[in-house]
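Heads up: the structure comes next, in structure tokens.
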Amino acid sequence: AESEIDFENWVDGMHTPPVLPKNESEQNGRTLFTQQCSMCHTVDSYSPGSYAREITSQDERWTSWVSDIENSVKVSAPNLTHFGLRSTLGAGLKEFSAENPDNLIKWIKDPSKIKIGTRMQKHANIYKGGEANLNDEEIEDLANYLLSQKPNIK
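Structure representation (structure tokens):
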């Protein structure tokens, strides 16, 4: 269990923007995320009013998907705000960390090998043809960006 002070610090952190990308890999990953992932995933739920925007956005994504399940390029997807604080992916199926990002890299490359039936691979343009249409360096950059997404608090 966490102390009340630690919990309050965590709550404050959830309302704090993440640290900015600090190197070229994280910046490249941020660009890739914006281009390839932000249609379905959110990373900015720390700002005022963001909860209401997230609900609206998820509703729109869900409606888009339900209206054309086979061809939709927008689906309701996990919110990735402060992703760097997480230690599991695929609904808890695999562990990862900044020190050991292998499972995150595998997830980005081919999520169905970790979680059979994920919609991500079927609907995201980045996965047309199966595995991610990114080279190993781009996948690592995307993983580095996601792992860097932690609240900017002392």
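Numbering (our numbering), first residue to last: 2 to 155.
Backbone N, C-alpha and C fix where the C-beta goes; we use that ideal spot for every residue, glycine too.
Fair warning: this is a prediction, and the values are worked out from it, not measured in the lab.
{"Asked": "Compare the beta carbon distance of Pro90 and Leu105 with 8 Å and say whether it is the shorter of the two.", "Found": "Note on residue identity: the sequence assigns Leu, not Pro, to residue 90. Cβ distance < 8 Å, so Leu90 and Leu105 count as in contact."}
{"Asked": "For Thr89, name the three-state secondary structure that DSSP assigns.", "Found": "strand"}
{"Asked": "Name the DSSP beta bridge partners of Lys151, please?", "Found": "For Lys151, which the question treats as bridged, DSSP gives no partner whatsoever."}
{"Asked": "Below 8 Å, how does it come out for the region 148-155 and the region 8-20: are there three or more Cβ pairs, yes or no?", "Found": "yes"}
{"Asked": "Based on Cα-Cα distance, which residue from Glu100, Asn101, Lys129 and Ser98 lies nearest to Asp111?", "Found": "Lys129"}
{"Asked": "Could you tell me whether the Cβ atoms of Lys123 and Trp108 are closer together than 8 Å?", "Found": "no"}
{"Asked": "Compare the C-alpha of Ile70 against each of Ala125, Asp142, Phe8 and Asp7 and name the closest.", "Found": "Ala125"}
{"Asked": "The alpha helix (DSSP H) with Phe34 in it runs from where to where?", "Found": "Glu25 to Gln37"}
{"Asked": "Which ranges would you report for the alpha helix (DSSP H) in the region 35-77 if only whole runs of at least 4 residues count?", "Found": "51-68"}
{"Asked": "Cα separation between Ala133 and Ser4?", "Found": "41 Å"}
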